[in-house]
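**Q** Below is a structure I'd like to ask you about.
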Amino acid sequence: MFGRRFNLFKLMGFQVRIDLSWIFIALLISWSLSTGFFPFYFQGLNTGTYWMMGIVGALGLFLSIIVHEFSHSLVARKYGMPMKGITLFIFGGMAEMGDEPPSSKAEFMMAVIGPVSSIVIAAIFYAVYTAGGGMIPQPINGVIGYLSFINATLAAFNIIPAFPLDGGRVLRSLLWGIKGDLRWATRISSFIGSAFGFFLIFMGIVSFFSGNFIGGMWWFLIGMFLNSAARMSYQQLLTRRALEGESVSRFMTRDPVTVTPSTTLESFVNDYVYRYNHKMFPVVSDSNQMDGCITTAEIKAVPREEWSNKRVGDILKPCSTDEVIPAETDAVNALSQMNRTGSSRLLVVEGDRLAGVIALKDMLKFLSLKVEMDA
């Protein structure tokens with residue numbers, strides 16, 4: 013879902029990140045406010061003032077989304093849900109949960125607090141806007157009025173019962189509470205969310221061919237995102253249910269291909285890289301103790317004419333934490349680590365000893381069979 017992300021700051025223990033796509037949307041919002049919204053509603057100001065209003069308005073939206081997602085995270089923490097942080101991206105923000113809510117009540121409270129916080133922010137800004145009409149300078153009051161409007165819009169859109177929007181999570185919590193079946197509740201709410209996504213796609217196409225090109229494009233993209241997110245959320249639940257309670261040792265290959273420190277780089281490339289088609293190999297001594305890892309990146313940094321003389325032990329590096337995982341780790345966490353790093357293999361370790369290798373393809377085979385048998 014996310015591309016390249018950057019850490020911004022930590023707020024009460026929650027890491028706030030920004031996806032590169034947010035920079036694009038922030039620039040687009042600033043431009044739209046500066047050249048369209050503010051000149052239309054607040055006439056007679058100069059261009060520089062409109063641009064200042066647009067930039068401040070975009071920053072205000074940025075902070076409003078953080079408050080919205082931060083409220084989700086605080087309630088989630090209260091109910092013991094692990095939170096990975098808050099990420100701002102092209103379609104807004106997302107409080108990333110590490111697991112499903114422990115109860116329908118926890119999900120309801122966590123979901124409903126987001127729109128409530130946006131409504132409270134909108135009400136505060138509206139009160140200031142109406143009270144400060146003659147006292148606050150028009151450019152400042154104009155931005156305040158916009159922030160009231162955009163927070164009310166944010167609350168209204170999020171309360172739509174289309175999973176994974178907040179309203180969809182409220183719906184899922186109610187269905188979950190009624191029947192006591194999270195899988196059933198997720199299937200129903202995800203179906204509604206996916207259908208709503210298709211509706212927005214259709215509306216986007218109609219708007220586009222009716223002459224509203226930018227509006228149509230945005231409805232289309234938001235619809236695509238919601239449709240994909242709804243289906244992905246259900247698949248993630250099935251994955252968690254299938255893998256919960258399983259350790260990585262259940263799926264690992266116990267006699268993985270390893271390289272000794274004395275292997276020449278030439279032999280490593282010909283006998284390992286080209287033979288097994290992997291970019292990373294564990295380096296293990298005779299005592300089965302893992303000395304480190306070697307990747308094709310290290311090989312490429314060495315001139316080819318030196319490959320016959322240099323040995324793996326000369327250029328190996330400590331294995332990255334993204335490449336290894338303890339044997340007792342839950343398989344769900346292993347899959348999450350693979351998704352985060354883009355790796356299809358992880359080295360399974362017991363202390364400083366290599367216990368095996370876990371491959372994504374083996375986990376996917378198990379998942380496919382498990383889901384088929386449980387259907």
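Each residue of the sequence shown is one higher than the last, beginning at 13 in the working numbering. Using N, Cα and C, we set each Cβ at its ideal position, and we do this for glycine too.
Taking the CB atoms as reference points, tell me whether S76 and G126 lie closer together than 7 Å.
**A** No, Cβ-Cβ distance for S76 and G126 is not below 7 Å.
**Q** Helix, strand or coil for F74? Go by DSSP, reduced to three states.
**A** Of the three classes helix, strand and coil, the one that applies to F74 here is helix, per DSSP.
**Q** Roughly how many angstroms lie between the CA atoms of G205 and S332, to the nearest whole one?
**A** If you take the alpha carbons of G205 and S332, they lie about 39 Å apart.
**Q** Pop quiz: F208 and L238 are said to be a contact at Cβ under 8 Å. What is the actual Cβ separation, rounded to whole angstroms?
**A** With a Cβ gap of about 6 Å, F208 and L238 count as contacting.
**Q** What is the rounded straight-line gap between the Cα of I41 and the Cα of L177?
**A** So the two alpha carbons sit approximately 22 Å from each other.
**Q** Please classify K117: does DSSP put it in a helix, a strand, or coil?
**A** K117 falls in the helix class under three-state DSSP.
**Q** Let's see if you can read the secondary structure: which residues bound the alpha helix (DSSP H) around D178?
**A** D178 to K191 is the extent of the alpha helix (DSSP H) around D178.
**Q** Would P294 be called buried (16 or more neighbouring beta carbons within 10 Å of its own) or exposed?
**A** The residue in question, P294, is buried, as its Cβ has 16 or more Cβ neighbours within 10 Å.
**Q** Kindly indicate which three-state DSSP category I30 falls into: helix, strand or coil?
**A** Residue state, collapsed to three classes: strand.
**Q** So P149 packs on M65, CB below 8 Å; how close in whole Å?
**A** With a Cβ gap of about 11 Å, P149 and M65 do not count as contacting.
**Q** Residues in the same chain with beta-carbon distance under 8 Å from F210, minus the five sequence neighbours each way, listed in chain order, please.
**A** Here the set comprises G235 and N239.
**Q** Pick from G72, S115, S348 and P338: whose alpha carbon is nearest that of K191?
**A** The candidate whose alpha carbon is nearest that of K191 is S115.
**Q** Is the stretch 123-139 close to the stretch 166-185, with three or more CB pairs under 8 Å?
**A** Touching, per the Cβ criterion.
**Q** With F99 as the anchor, note down where its beta strand (DSSP E) starts and where it stops.
**A** It should be noted that the sequence gives Thr, not Phe, for residue 99. First-last of the beta strand (DSSP E) with T99: M95 to F101.
**Q** Taking the C-alpha atoms as reference points, what is the distance between T307 and M292?
**A** C-alpha separation (whole angstroms): 4 Å.
**Q** Buried or exposed: where does T265 fall if 16 or more other Cβ atoms within 10 Å of its Cβ makes it buried?
**A** With fewer than 16 other Cβ atoms within 10 Å, it is exposed.
**Q** Within its chain, find whatever has a CB closer than 7 Å to the CB of V360; leave out the 5 residues flanking it on each side and keep chain order.
**A** Closer than 7 Å at Cβ, skipping near neighbours: V260, S261, M264, I337, A339, A367, G368, V369 and I370.
**Q** For V271 and V324, which I take to be in contact (beta-carbon distance under 8 Å), what is that distance rounded to the nearest angstrom?
**A** Correct: roughly 5 Å between the Cβ atoms.
**Q** Please list, in chain order, all residues of the same chain as F232 whose beta carbon is under 6 Å from its beta carbon, the five residues on each side excluded.
**A** Result list for F232: I213 and G216, in chain order.
**Q** Measuring only the C-alpha atoms, how far is I171 from M106?
**A** Answer to the nearest angstrom: the Cα atoms are 15 Å apart.
**Q** Keeping to the same chain, check which residues put their C-beta closer than 6 Å to that of T353; ignore five residues upstream and five downstream.
**A** Counting only Cβ-Cβ distances below 6 Å, and skipping sequence neighbours, we find D334.
**Q** Looking at the strands, I want to know which residues DSSP matches up with Q301.
**A** In the DSSP output, where bridge partners are listed per residue, Q301 has R365.
**Q** Mind checking M24: buried by the 16 CB within 10 Å criterion, or exposed?
**A** Result: exposed.
**Q** Assuming contact is defined by CB atoms lying nearer than 7 Å, are G304 and P330 in contact in what I supplied?
**A** Yes, they are a contact pair.
**Q** Per DSSP, which residues does G60 bridge with? Please list them.
**A** G60 pairs with nothing; no bridge assigned.
**Q** How far does the alpha helix (DSSP H) with I217 in it reach, from first residue to last?
**A** Looking at the DSSP string, the run of the alpha helix (DSSP H) that includes I217 is L194 to F221.
**Q** Quick one: Cα of G363 to Cα of G157, how far?
**A** Taking the straight line from one Cα to the other gives about 59 Å.
**Q** Excluding sequence positions up to five away, which residues of its chain have a Cβ less than 6 Å from the Cβ of E81?
**A** Once the five neighbours on either side are set aside, the close Cβ partners of E81 are I98, G105 and A107.
**Q** Report all residues from its chain with a CB closer than 6 Å to the CB of L186; omit the five preceding and five following residues, and keep chain order.
**A** Once the five neighbours on either side are set aside, L186 has no close Cβ partner at all.
**Q** With DSSP as the reference, identify every bridge partner of F293, one or two as the case may be.
**A** Answer is I306, bridged to F293.
**Q** Throw me the rounded Cβ distance for the F221 and M229 pair, which I believe falls under 8 Å.
**A** Their Cβ separation, rounded to whole angstroms, is 12 Å, which puts F221 and M229 out of contact at 8 Å.
**Q** So, helix, strand or coil for V371, using DSSP?
**A** Val is not the amino acid found at residue 371; the sequence shown has Ala there. Three-state result, A371: strand.
**Q** Please name the residue, chosen from N289, V314, L255 and V344, that lies closest to L381 on a Cα-to-Cα basis.
**A** The shortest C-alpha separation from L381 is found at L255.
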